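The next block holds one structure in the form of structure tokens; read it before the comments.
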Amino acid sequence: MVDFRMAQSADKEAEVLMAECSAALVGAVGRHTLGFVYATAPLAGAMPMIVAGLAERTGVQQWVGTAGLGVCATGNEYFDRPALVAMTCDLERSAFHMLPSIASEDEAAAASSKLLAQIGIVHGDPRNAHVTGIIEAIARAGDAYLVGGLTSAEATLWQASGANVVHGGVSGVLLGGGGLEVVVGLTQGCSPIGPPRTIGEAQDNVLVTLDGRPAYEVLLEDIGAPADGDPRQWLANIHVALPVPGSDRADYVVRNLTGIGPEQGLVAIGELVSAGDRVMFVRRDPVSAARDLERMLGELKARAKKP
66 MVDFRMAQSA DKEAEVLMAE CSAALVGAVG RHTLGFVYAT APLAGAMPMI VAGLAERTGV
126 QQWVGTAGLG VCATGNEYFD RPALVAMTCD LERSAFHMLP SIASEDEAAA ASSKLLAQIG
186 IVHGDPRNAH VTGIIEAIAR AGDAYLVGGL TSAEATLWQA SGANVVHGGV SGVLLGGGGL
246 EVVVGLTQGC SPIGPPRTIG EAQDNVLVTL DGRPAYEVLL EDIGAPADGD PRQWLANIHV
306 ALPVPGSDRA DYVVRNLTGI GPEQGLVAIG ELVSAGDRVM FVRRDPVSAA RDLERMLGEL
366 KARAKKP
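The opening position of the sequence shown corresponds to residue 66 in the numbering used here, with each subsequent residue numbered one higher.
Set out below in structure tokens:
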């Protein structure tokens with residue numbers, strides 16, 4: 066069984082946070098091979114020192130991670146304050162392949178073909194206009210399901226890569242091989258409020274008909290709102306969900322409603338869609354978010370258990 070150790074620290078100077086997390090990970094020294102590190106935006110400029118310090122003090126030389134506006138750890142959410150979270154594990158070296166900072170799609174194909182991965186954890190530099198293409202190339206070359214996000218900070222956009230930091234492209238790690246088995250769960254913090262619908266007609270990101278009826282009429286039916294009511298009372302919490310291609314579960318991604326046309330029966334969403342695509346309307350609020358997270362974790366735990 067893979068051993069994991071996690072550490073978190075907040076509201077102190079960057080060097081102190083690094084030292085405290087390193088001390089909490091002391092049991093990983095000499096055994097663990099891979100580490101993950103995430104920092105809040107106020108620590109973004111200190112990422113070179115943080116990554117180098119973690120590598121030196123724990124002995125774990127392969128680190129993946131970046132900075133973001135907020136980070137989460139067991140029992141805590143950190144936002145707009147200095148916070149550092151780190152985790153290490155003892156994966157076999159053949160079970161993961163580090164991705165350097167990849168700045169182009171051609172580089173992605175070469176770097177990702179060395180390992181037939183099951184999943185990849187990647188971080189992109191939002192200043193690189195080719196990030197989307199690079200991520201797609203990594204997924205194709207490594208045959209991997211990718212998760213991750215964009216580095217987010219006001220100034221420096223460092224990403225951890227090994228015992229160093231990089232920027233300008235997409236970096237991360239591909240996991241697979243070495244007897245490693247992966248199961249994936251996804252939560253969007255939403256609860257469905259209607260059945261899946263089939264798009265009959267669409268114009269770019271505008272839903273015209275769903276199940277042969279005006280899209281706005283279907284939306285009102287699913288949320289139980291009157292046709293003559295004020296839509297501002299419910300618009301903020303209602304979104305649209307689209308299935309995730311390649312997912313082995315009924316996972317979906319959530320997009321905002323960007324506009325409505327009650328008189329024309331139209332609903333605009335934050336995604337390009339076509340006739341034949343499937344969508345459903347969902348509600349996002351604290352209760353729905355907690356319920357969906359618990360559902361996903363329960364399913365993930367059940368699927369991760371070996372017979």
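Backbone N, C-alpha and C define an ideal beta-carbon position, used for all residues, glycine too.
Just so it is clear, the structure is predicted and the values come from calculations on it, not from any experiment.
Check                                                                                               : Outcome
Status (buried if at least 16 other CB within 10 Å, exposed otherwise) for Glu172                   : buried
Per DSSP, the bridge partner or partners of Trp128                                                  : Gly100, Gly227
Residue interval of the alpha helix (DSSP H) (run including Ala355)                                 : 351–369
Limits of the alpha helix (DSSP H) - the one that Ile288 falls within                               : 280–288
Cβ-Cβ separation, Pro191 to Ser236 (assumed contact under 8 Å), whole Å                             : The Cβ separation is near 13 Å, so there is no contact.
Reduced DSSP secondary structure (H/G/I, E/B, other) of Gly75                                       : Correcting the residue identity first, residue 75 is Ala in this sequence and not Gly. Correct three-state label for Ala75: strand.
Proximal residues to Val238 (C-beta, below 6 Å), its chain only, five neighbours per side dropped   : Val129, Phe161, Met163, Ile186
Residue closest to Ala306, alpha-carbon to alpha-carbon, out of Leu362, Ile200, Val347, Val230      : Val347
Touch test, the region 199–207 against the region 125–143, Cβ-Cβ under 8 Å, three pairs minimum     : no
Neighbour-count burial assignment, Thr123, 16 or more Cβ in a 10 Å radius                           : buried
Which listed residue (Leu134, Cys86, Asp155) has its alpha carbon closest to that of Ala220         : Leu134
Tyr317 beta carbon less than 8 Å from that of Pro327                                                : no
Pair within 8 Å by beta-carbon distance, Leu337 and Asn270                                          : yes
Pick from Leu275, Glu78, Gln268, Pro257 that is closest to Ile288, judged by C-alpha positions      : Pro257
Euclidean distance between Cα positions of Ala218 and Ala104                                        : 10 Å
Limits of the beta strand (DSSP E) - the one that Arg262 falls within                               : 262–268
Identity of the residue in Gly277, Thr252, Val248 nearest Arg262 by Cα                              : Gly277
C-beta atoms of Ile184 and Val249 nearer than 8 Å                                                   : yes
Contact belief for Leu322 with His304 at Cβ below 8 Å, rounded distance in angstroms                : 6 Å
Euclidean distance between Cα positions of Ala138 and Thr153                                        : 14 Å
Start and end residues, alpha helix (DSSP H) containing Pro113                                      : 112–123
Close Cβ partners of Leu365 (< 7 Å) along its chain, the five nearest in sequence each way excluded : Val248, Gly250
Val344 versus Asp208 - alpha carbon distance                                                        : 26 Å
Distance CB(Val231)-CB(Met112) smaller than 8 Å                                                     : no
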